[in-house]
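The structure under discussion appears below in the form of structure tokens.
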Amino acid sequence: MDKTLPSLAAAVAGIEDGMTVMIGGFGGSGAPIELIHALIDRFIATGHPKDLTVVNNNAGNGHVGLAALIEQGMVRRLICSFPRSADPVVFTERYLAGQIELELVPQGTLAERIRAGGAGIPAFYTPTSFGTDLAAGKPVEVFEGRPYVRERWLKADYALVKAHLGDRLGNLTYRMAARNFNPLMCMAARVTIAQVSRIVEPGGIDPESVITPGIFVQGVVAVPDPAQEEDLNRAKAVYPKVQA
Amino acid sequence: MDKTLPSLAAAVAGIEDGMTVMIGGFGGSGAPIELIHALIDRFIATGHPKDLTVVNNNAGNGHVGLAALIEQGMVRRLICSFPRSADPVVFTERYLAGQIELELVPQGTLAERIRAGGAGIPAFYTPTSFGTDLAAGKPVEVFEGRPYVRERWLKADYALVKAHLGDRLGNLTYRMAARNFNPLMCMAARVTIAQVSRIVEPGGIDPESVITPGIFVQGVVAVPDPAQEEDLNRAKAVYPKVQA
Amino acid sequence: MTDKLTPTQIAWRAAQDIADGAYVNLGIGFPEMVARFQPPGREAIFHTENGILGFGEAPPAGQEDWDLINAGKKAVTLKPGTAFFHHADSFAMVRGGHLDVAILGAYEVAENGDLANWSTGPKGVPAVGGAMDLVHGAKRVAVITEHVTKDGKPKLVKACSLPLTGVACVTRVYTSLAVIDIEGGRFLLREKLPSLTVAALQALTGSELHLTGPVADLIVPEL
Amino acid sequence: MTDKLTPTQIAWRAAQDIADGAYVNLGIGFPEMVARFQPPGREAIFHTENGILGFGEAPPAGQEDWDLINAGKKAVTLKPGTAFFHHADSFAMVRGGHLDVAILGAYEVAENGDLANWSTGPKGVPAVGGAMDLVHGAKRVAVITEHVTKDGKPKLVKACSLPLTGVACVTRVYTSLAVIDIEGGRFLLREKLPSLTVAALQALTGSELHLTGPVADLIVPEL
């Protein structure tokens, strides 16, 4: 069994128009910038994939990564908790112009809905959002005297995640708070592609320290020195670079 | 902040008659034998605690650990998935004599109910047990054409767990498959007491490798060379030892 | 010439259908034997409910580590790439549809795929373990079983008489006499021992065996 | 003599009520300042939604690691005993009632404890983050806020006019003028700036301030 992939282009080749794609990260930490940029490259070359539904905690920052994906017009719908950032102009303009749909989900509910998708739990109850606009239309049930809102699982066709170490079996570790949504998205997608800073031999990750067991991962691609969104934005980077 | 406790006796001193106690482990692996035996010692000395509801995957094996707790008559009700073992005589006799109540729960549902208790999810839907006797009386709902059974969270007054390393903040690691239910039970109890093979300084556990963050743990007690239930049973051990 | 397969031979036959790289859960007891017979060049990855993925075979006697056990509480070993996780993550793998195959034992299998394998009725101590999760989680649920009970009664039946483990969940049954698929609420005979006529097999089966194509010979090595 | 507390001073006051060993989540922005003012001898453990427990203060400029950030995307540091975890575990801590205190900002707080702090209405881009989880998860939900808006309108009101974050969730409000508890659907005045009369404070408050005992002086150091 060898889940390693030869290139970023190969890693994103299966994503089709209209698919739901979960993209890991919280702000820039744990964001698979290189996978996102490979998807943009494919779109520029072929016109596909488009009309994507993207699941991410945020809505991009500046003009790289998720913001660049939105800027290309590839995203029809975004499911997120916090579409604000230091520089949210790309999303904000499209949203206010009615060019992108937004499903706003409380952050903990978003995390739990993704986990539920991965764990085969079609619905669960949470106290979160009870009595607010975000619970509108959702079933409410009282347990032990307290009202709870019923929320549905979230699943995806693809998940694109950023990990730290990976092996050919798909076992993954993460780096500090770059873990965030990544392990959950691995569980909830039909196909999970992980970019990793380093591919190690099976056994190169202590079995006690595996965060995502390989069963949740279908492809692993090496990105030895991954970009950090925060650094790109401080350097005012734009993707793709404007040709001179 | 120092959650370390001076003794096993101190660790179990707060458990009262009628409480619900989650006890970690899968069979003998991860079973906190010394904490259980300390609870038995207290019962023999004081007559308390009794009428306990115990949550465990199993129902004990031989005459040590959970089996010994049952043998003392301290357990009124058991919530478990698999009350069989190599030597289940203690539970079997009491159960068939109507001296102990049994709530049988599918193993994955048991795990998820405990997690739900820890995660503030009062109920969730699972395909497991649909159409079987174990779903009797439970609400059923169809999602996307498939029927699911609604299950409720499980919480406890106390959890007694076995970990490997622990620090004074309550951070824990486990040893191999002795992890099993232990991290979930830490989440679901009002008071979690962990016996650990070694107490390390804060920072002595790599922050990436913490399995149970300290927020889920209220007490840590050192048991440097913990007994393994399987070894005790092979040696035909009985707790407490019969005085000659 | 055998008149029926041994449990080991049934396990061998079931192992032939496991693809390279498949994630597999084997039920406690008899199904555990399936792991021994992976065809050359194929490597399945075994999952156990108690929180291990990618474990290795049993250690030599005396070298057991009782923190490294499978769901049957038998000692296993580490392999490069093994991962540990807690029970909720383990059953996320099961319930979430991440396992390719679960192979379980059975008291009864009905022609609609219903399985009864956890309770022989109201007497005794009931115990369910992870079976009810597995039957509604794995992408493919197969059963390995004797074709008939010790008393000679059919285990493949029109409708289960014992308490169900799961509804319409089994899609293939490997028995001591035959390989039978379950599709559209019917038993479809795929393979049978060459020594046995279809009529003789039908006489040992509790509901109609359908033939939708040629029935292959069930040929298994001496083991 | 100040006529109102600075945000820093409000944060200082809120910090005085955090017990040693408390698990605390501080909202993005202004509430983050609370961490700076832990009283001597007390050590709270800070949680951030994005998966860190027990992190340390901000690193010097230029030494940030952008994989080590808080919910406000600001760089933080490791401390001995820090733990990392994923978002579902992080919100299990929140929703499961494991946090002792959450301290949040507010647009409006109603006398029944309703909080509005995520949306100023249908214009613009809505963003909620973890606030709705925190208000129904932490054992104690406190708000720190200016007593009135920039336009001089009360932020403590009879009923919120803005979209709610949570229902009946806030139990204490630290403002630039006072400390007010919410109990039984009423604002209970606990502390006020010595320079301010109760009548003057009432005039700046959108619903009745109840006095159930002596009102202490709200005294805060220059910061």
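Protein chains in written order, with the working numbering: chain A, 1 to 244; chain B, 245 to 488; chain C, 489 to 711; chain D, 712 to 934.
Positions of the beta carbon are idealized from the N, C-alpha and C atoms, including for glycine.
Are any of the Cβ atoms in chain A nearer than 8 angstroms to that of residue i?
i: D:T915; result: According to the sequence displayed, residue 915 of chain D carries Leu and not Thr. So, not an interface residue.
i: C:M489; result: Because the pLDDT of C:M489 is 40, which lies under 50, any placement of that residue in the model is unreliable, and the number read from its coordinates should be weighed accordingly. Chain A contact via Cβ: absent.
i: D:T797; result: One point to set straight first is that residue 797 of chain D is His, not Thr, in the sequence displayed. Interface residue, yes.
Select from the options the residue whose C-alpha is nearest the C-alpha of residue i.
i: A:L110; options: A:W153, A:I33 and A:I121; result: A:W153
i: B:M318; options: B:L249, B:V440 and B:D295; result: B:D295
i: D:K866; options: D:A914, D:G895, D:V909 and D:N736; result: D:A914
i: C:V629; options: C:H635, C:D602, C:H574 and C:R678; result: C:D602
i: C:V522; options: C:P547, C:T633 and C:K646; result: C:T633
i: A:E16; options: A:P49, A:L35 and A:E34; result: A:P49
i: D:V909; options: D:V926, D:P770, D:W829 and D:P751; result: D:V926
i: A:V221; options: A:M187, A:A163 and A:L184; result: A:A163
i: B:R390; options: A:E141, A:Y158, A:D2 and A:A123; result: A:A123
i: A:T248; options: A:R115, A:K138 and A:I193; result: Beyond the ends of chain A as shown, which are 1 and 244, falls residue 248 of chain A; an answer cannot be given.
Taking the CB atoms as reference points, tell me whether residue i and residue j lie closer together than 8 angstroms.
i: C:S664; j: C:E596; result: no
i: D:G807; j: B:A363; result: yes
i: A:K155; j: A:G108; result: no
i: C:V616; j: B:L378; result: yes
i: A:P88; j: A:A45; result: no
i: D:T793; j: D:I763; result: yes
i: D:G816; j: D:F741; result: yes
i: D:V878; j: A:F91; result: no
i: A:S85; j: A:G27; result: yes
i: A:I79; j: A:I100; result: no
i: D:V805; j: D:N761; result: no
i: C:L706; j: C:R524; result: no
i: A:T126; j: A:E141; result: no
i: C:D588; j: C:Y511; result: yes
i: D:A889; j: D:H847; result: no
I think residue i touches residue j, with their Cβ atoms under 8 angstroms apart; what is that distance to the nearest whole Å?
i: B:V308; j: B:E473; result: 6 angstroms
i: B:R419; j: C:D555; result: 5 angstroms
i: C:I670; j: C:T653; result: Rounded, the Cβ-Cβ distance is 15 angstroms, inconsistent with contact.
i: A:I211; j: A:R168; result: Not really, about 17 angstroms apart at Cβ, beyond 8 angstroms.
i: B:L416; j: B:G410; result: 5 angstroms
i: B:M263; j: B:A432; result: About 13 angstroms separates the two Cβ atoms, so there is no contact after all.
i: C:I498; j: C:Q526; result: About 15 angstroms separates the two Cβ atoms, so there is no contact after all.
I'd like to confirm the pairing. Which residues does DSSP put opposite residue i in its beta bridges?
i: D:P865; result: D:V859
i: D:H758; result: D:N736 and D:L764
i: C:E596; result: C:A604
i: B:R442; result: B:L409
i: A:C80; result: A:L104
i: D:D892; result: D:R883 and D:L899
i: B:A403; result: B:M266 and B:T436
i: B:P391; result: B:V386
i: D:V852; result: D:A813
i: D:A927; result: D:E902
i: B:T297; result: B:T264 and B:R321
i: A:A123; result: A:R152
i: A:H63; result: A:V238
Please confirm whether any heavy atom of the ligand HEM lies closer than 7 angstroms to the CB of residue i.
i: A:V142; result: Inclusion of the ligand HEM in the displayed structure is not the case, the ligand content being empty and no account of it being possible.
For chain D, check one thing: does any of its Cβ atoms lie closer than 8 angstroms to the Cβ of residue i?
i: A:D2; result: no
i: A:S197; result: no
i: B:A488; result: The predicted model places B:A488 with a pLDDT of 49, which falls under 50 and marks its position as unreliable, so this point remains unresolved.
i: B:G362; result: yes
i: A:R179; result: yes
Consider the Cβ of residue i: report whether some Cβ of chain C lies at a distance smaller than 8 angstroms.
i: A:L5; result: no
i: B:M266; result: no
i: A:I215; result: yes
i: A:E112; result: no
i: A:L169; result: yes
i: A:G14; result: no
For chain B, find out if any of its Cβ atoms is closer than 8 angstroms to the Cβ of residue i; answer yes or no.
i: C:N538; result: yes
i: C:L556; result: yes
i: C:A615; result: yes
i: C:T653; result: yes
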